[in-house]
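Student: I have a structure here, written as structure tokens, and I will follow up with some questions on it.
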Amino acid sequence: MTHPSLDDHLQPVPLPVKRAMLEDAASLEPGAAAVIGRFFAILQDRREPVAAPSAESFRQAAASESTFRALLRALARYAPDVSTSSAVEVKAEWVSRRPKPKPRQPAGGEKVQKPRIDPNTWPRSWQKMEQRLAEAKIKESSLARYRASVHRCAQLVAAGHGSETLGFVTGIALVEAFRETEPGKKPLRPATIANYLEGLIMLGKHGGAHEDALASLRFIVEDLRENARAVGKVKYPRLAKITEAGGFAFIADRIGEMRQEAEALPDHASEKVQLFQATALCAVSMNKPGRTGDVSRWCLGEELVRESDGTWVLAWEQGKTGYETEAGRLWPEVSEVLDALILGGRPDWFVHMRYRALLGMNWLTLGQRAMSEKWPSSVVKVAIGVPLHDLRTLAADYMRRHDPERAADVISSHLGHRTSRAGDAYRSESEGEAAAKGWAEMRWQIAKG
Numbered sequence: 001m002t003h004p005s006l007d008d009h010l011q012p013v014p015l016p017v018k019r020a021m022l023e024d025a026a027s028l029e030p031g032a033a034a035v036i037g038r039f040f041a042i043l044q045d046r047r048e049p050v051a052a053p054s055a056e057s058f059r060q061a062a063a064s065e066s067t068f069r070a071l072l073r074a075l076a077r078y079a080p081d082v083s084t085s086s087a088v089e090v091k092a093e094w095v096s097r098r099p100k101p102k103p104r105q106p107a108g109g110e111k112v113q114k115p116r117i118d119p120n121t122w123p124r125s126w127q128k129m130e131q132r133l134a135e136a137k138i139k140e141s142s143l144a145r146y147r148a149s150v151h152r153c154a155q156l157v158a159a160g161h162g163s164e165t166l167g168f169v170t171g172i173a174l175v176e177a178f179r180e181t182e183p184g185k186k187p188l189r190p191a192t193i194a195n196y197l198e199g200l201i202m203l204g205k206h207g208g209a210h211e212d213a214l215a216s217l218r219f220i221v222e223d224l225r226e227n228a229r230a231v232g233k234v235k236y237p238r239l240a241k242i243t244e245a246g247g248f249a250f251i252a253d254r255i256g257e258m259r260q261e262a263e264a265l266p267d268h269a270s271e272k273v274q275l276f277q278a279t280a281l282c283a284v285s286m287n288k289p290g291r292t293g294d295v296s297r298w299c300l301g302e303e304l305v306r307e308s309d310g311t312w313v314l315a316w317e318q319g320k321t322g323y324e325t326e327a328g329r330l331w332p333e334v335s336e337v338l339d340a341l342i343l344g345g346r347p348d349w350f351v352h353m354r355y356r357a358l359l360g361m362n363w364l365t366l367g368q369r370a371m372s373e374k375w376p377s378s379v380v381k382v383a384i385g386v387p388l389h390d391l392r393t394l395a396a397d398y399m400r401r402h403d404p405e406r407a408a409d410v411i412s413s414h415l416g417h418r419t420s421r422a423g424d425a426y427r428s429e430s431e432g433e434a435a436a437k438g439w440a441e442m443r444w445q446i447a448k449g
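Using UniProt numbering, the letters of the sequence shown map in sequence onto residues 1 to 449.
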């Protein structure tokens with residue numbers, strides 16, 4: 001039985017690709033000609049565009065992961081115009097089939113138990129209050145946060161810090177315990193400690209605790225928040241650094257750099273997917289910065305909608321406030337970045353079909369699965385050096401300097417604050433900036449006249 005020749009394998013292959021492989025015959029990877037010939041034959045049978053094959057064509061062309069990888073390498077070298085974006089999901093399938101390593105067990109063979117919140121370990125009076133807290137009309141995310149805070153306080157009470165009696169004495173004891181620095185860990189910030197005690201306040205409020213006890217805890221929490229405001233948030237040194245680098249101009253430059261880096265990579269490269277995600281996150285956040293939890297959940301065709309003229313529109317309900325906010329029609333440059341994200345290297349003319357195919361999918365994963373709530377922030381931090389939330393402050397700073405007299409209300413709307421109190425820090429800075437601007441104008445008038 002005679003084996004097919006190189007020319008036989010390459011019969012279905014487009015002429016430019018065939019010519020390049022024949023010229024490089026001596027250096028061809030074993031099996032490359034067979035798999036690439038099979039791949040192009042499948043494209044012909046399925047009547048698919050050569051520039052944008054489907055995932056199914058990649059599946060049918062390779063019966064093993066090694067053959068699949070050989071196909072990707074051959075396409076990258078001899079047929080770079082063929083988009084391998086659809087191969088990303090096939091690559092994930094092959095990876096998932098690999099034998100799973102056995103989880104490492106600690107010494108003694110004991111399994112590591114994930115920490116869980118068990119109200120039965122709390123002080124008895126807190127357990128009764130927790131039942132009423134669970135029945136209160138509170139969002140699941142808020143309830144989970146309160147429980148986690150109370151659980152941490154309960155652990156400290158069990159360790160001898162304070163007592164189960166809610167009030168000033170227990171509050172102060174818990175604050176002192178939280179301030180104790182564990183070896184190798186950073187001390188908790190005042191705002192973080194305040195959040196823990198806030199959980200106790202909510203427990204007592206819904207559990208029927210005495211109002212005087214709650215007032216004492218609120219006093220401590222307010223004092224902690226005042227301290228936090230006095231010392232300044234950790235983000236300001238980070239913001240100073242990015243502002244010195246050029247602020248939003250620096251971010252725009254990074255977006256351009258990341259797009260160039262992505263274009264230089266094969267479409268199936270995981271690094272390319274990550275660069276597209278980072279670019280989209282930074283671009284959309286320049287247009288309208290959202291809270292990281294909200295951003296992680298947006299879906300195509302729901303919060304992010306592409307209109308027929310290619311403009312993207314963004315509007316969403318905020319998880320923290322329950323209020324809707326919107327960016328409206330995104331800037332043309334941002335829409336272009338979002339197109340690149342969903343295309344993943346496919347030809348531009350594919351964008352309408354691609355968008356329709358992805359309706360209802362998560363905008364970052366392009367699938368049903370969403371990333372964790374903190375994931376967008378960590379991606380932005382790797383890309384530009386500051387987390388996602390800092391871009392909200394940077395946007396507020398730009399507005400405050402541009403028009404301090406109206407900035408407070410504009411900032412509140414732009415950042416989606418539910419109440420004016422939520423933006424008090426921005427409002428205070430805006431009023432101070434307006435006063436400084438007014439005084440400068442008055443001095444100019446005095447000097448003039």
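We put the CB at the ideal spot given by N, CA and C, even for glycine.
All figures in this text were calculated on a predicted structure; none of them were measured in a lab.
Can you find the residues in the same chain that come closer than 6 Å, C-beta to C-beta, to Arg297, ignoring five residues on each side of it along the sequence?
Tutor: For this step, residue 297 is matched to residue 297 along the sequence shown. Excluding positions up to five away in sequence, the list reads Ala370.
Student: Just the Cα atoms here: how many angstroms apart are Thr243 and Leu304?
Tutor: Position 243 of the sequence shown holds residue 243. Position 304 of the sequence shown holds residue 304. Going by the C-alpha atoms only, they are around 29 Å apart.
Student: Answer with buried or exposed for Asn120, where buried requires no fewer than 16 other C-beta atoms within 10 angstroms of its C-beta.
Tutor: Indexing the sequence shown from 1 puts residue 120 at position 120. Under this definition Asn120 is an exposed residue.
Student: With DSSP collapsed to three states, give me the class of Gly385.
Tutor: Along the sequence shown, one-based indexing puts residue 385 at 385. Residue state, collapsed to three classes: coil.
Student: Please give me, in chain order, every unbroken run of the alpha helix (DSSP H) with length at least 4 that falls completely inside the stretch 269 to 298.
Tutor: List check, alpha helix (DSSP H) in window: 270 to 287, 292 to 297.
Student: Which one of Leu300, Pro332, Thr321, Lys128 has the shortest CA to CA distance from Ala357?
Tutor: For the purposes of this step, residue 357 is taken as residue 357 along the sequence shown, with counting starting at 1. Among Leu300, Pro332, Thr321, Lys128, the Cα nearest to that of Ala357 is on Leu300.
Student: How close, in whole Å, do the beta carbons of Ala213 and Leu166 come, if the pair is a contact with beta carbons under 8 Å?
Tutor: Reading the sequence shown from its first residue, position 213 is the one you call residue 213. Reading the sequence shown from its first residue, position 166 is the one you call residue 166. Indeed they touch by this definition, with Cβ atoms about 4 Å apart.
Student: Any idea what DSSP makes of Glu405, helix, strand or coil?
Tutor: Stepping through the sequence shown from its first residue, residue 405 is reached at position 405. Residue confidence is low: Glu405 scores 48 on pLDDT, short of 50, so the model does not pin down where it sits. Its coordinate-derived value is still stated next. In the structure shown, Glu405 sits in a helix (DSSP, three-state: H, G or I).
Student: Provide the residue(s) that pair with Leu265 in DSSP beta bridges, ordered along the chain.
Tutor: For the purposes of this step, residue 265 is taken as residue 265 along the sequence shown, with counting starting at 1. DSSP lists no partner for Leu265.
Student: Select from Ser66, Ala51, Pro187, Pro53 the residue whose C-alpha is nearest the C-alpha of Ala32.
Tutor: As a first step, residue 32 must be located in the sequence shown, where it is residue number 32. Checking every option, the nearest Cα to that of Ala32 belongs to Ser66.
Student: Classify Arg369 as helix, strand or coil using the three-state DSSP reduction.
Tutor: Reading the sequence shown from its first residue, position 369 is the one you call residue 369. Arg369 falls in the coil class under three-state DSSP.
Student: For the pair the stretch 136 to 149 and the stretch 179 to 187, tell me if three or more CB-CB distances fall below 8 Å.
Tutor: Touching, no, given that fewer than three Cβ pairs across the two stretches are closer than 8 Å.
Student: Along the beta strand (DSSP E) that carries Leu314, what are the first and last residues, could you check?
Tutor: Your numbering for residue 314 matches position 314 in the sequence shown. 312 to 317 is the extent of the beta strand (DSSP E) around Leu314.
Student: Where DSSP assigns a beta bridge to Glu326, which residues make up the other side?
Tutor: Sequence index remark: in the sequence shown, residue 326 carries index 326 (1-based). DSSP lists Ala315 as partners of Glu326.
Student: Look at the alpha carbon of Phe350 and the alpha carbon of Ala25, and state the distance between them as a whole number of angstroms.
Tutor: For the purposes of this step, residue 350 is taken as residue 350 along the sequence shown, with counting starting at 1. For the purposes of this step, residue 25 is taken as residue 25 along the sequence shown, with counting starting at 1. Approximately 34 Å between the Cα atoms of the pair.
Student: Just reading off the alpha helix (DSSP H) that Arg124 is part of, what are its end residues?
Tutor: Here residue 124 corresponds to residue number 124 of the sequence shown, with the count starting at 1. Counting along the chain, the alpha helix (DSSP H) containing Arg124 begins and ends at 124 to 135.
Student: Using beta-carbon positions only, say whether Glu326 and Lys374 come within less than 9 Å of one another.
Tutor: Position 326 of the sequence shown, counted from the first residue, corresponds to residue 326. Position 374 of the sequence shown, counted from the first residue, corresponds to residue 374. No. Outside cutoff.
Student: What did DSSP end up calling Leu28 once you bin it into helix, strand or coil?
Tutor: Counting from one through the sequence shown, the residue named residue 28 turns up at place 28. Note: Leu28 maps to coil in three-state DSSP.
Student: Taking a contact to mean a Cβ-Cβ separation below 9 Å, would you say Ala269 touches Val337 in this structure?
Tutor: In the sequence shown, residue 269 corresponds to position 269, counting from 1. In the sequence shown, residue 337 corresponds to position 337, counting from 1. It is not a contact, given that the beta carbons lie outside the stated cut-off.
Student: Val157 by DSSP, collapsed to three states: which one?
Tutor: Your numbering for residue 157 matches position 157 in the sequence shown. Three-state result, Val157: helix.
Student: Kindly indicate the opening and closing residues of the beta strand (DSSP E) around Arg306.
Tutor: Numbered from 1 along the sequence shown, position 306 holds the residue referred to as residue 306. Start and end: 304 to 306.
Student: Just to confirm, is the Cβ distance from Ile36 to Val13 under 9 Å?
Tutor: Along the sequence shown, read from residue 1 onward, the residue named residue 36 stands at position 36. Along the sequence shown, read from residue 1 onward, the residue named residue 13 stands at position 13. Yes; because the gap between Cβ atoms is below 9 Å, this pair is in contact.
Student: For Gly345, which residues from the same chain have a beta carbon less than 6 Å from its beta carbon, with the 5 sequence-adjacent residues on both sides left out?
Tutor: For the purposes of this step, residue 345 is taken as the residue at position 345 of the sequence shown. Closer than 6 Å at Cβ, skipping near neighbours: Ser83, Ser85, Asp267.
Student: Taking the straight line between their C-alpha atoms, what separation do you get for His414 and Ser57?
Tutor: Here residue 414 refers to the residue found at position 414 when the sequence shown is read from its first residue. Here residue 57 refers to the residue found at position 57 when the sequence shown is read from its first residue. The predicted position of His414 is uncertain, since its pLDDT is 39 and thus under 50; a value taken from the coordinates is nonetheless stated next. If I take the Cα positions, the gap works out to 45 Å.
Student: For Ile342 and Asp8, what's the separation of their Cα atoms in angstroms?
Tutor: What you label residue 342 is simply residue 342 of the sequence shown in a count that begins at 1. What you label residue 8 is simply residue 8 of the sequence shown in a count that begins at 1. Each residue's Cα considered, the two are about 37 Å apart.
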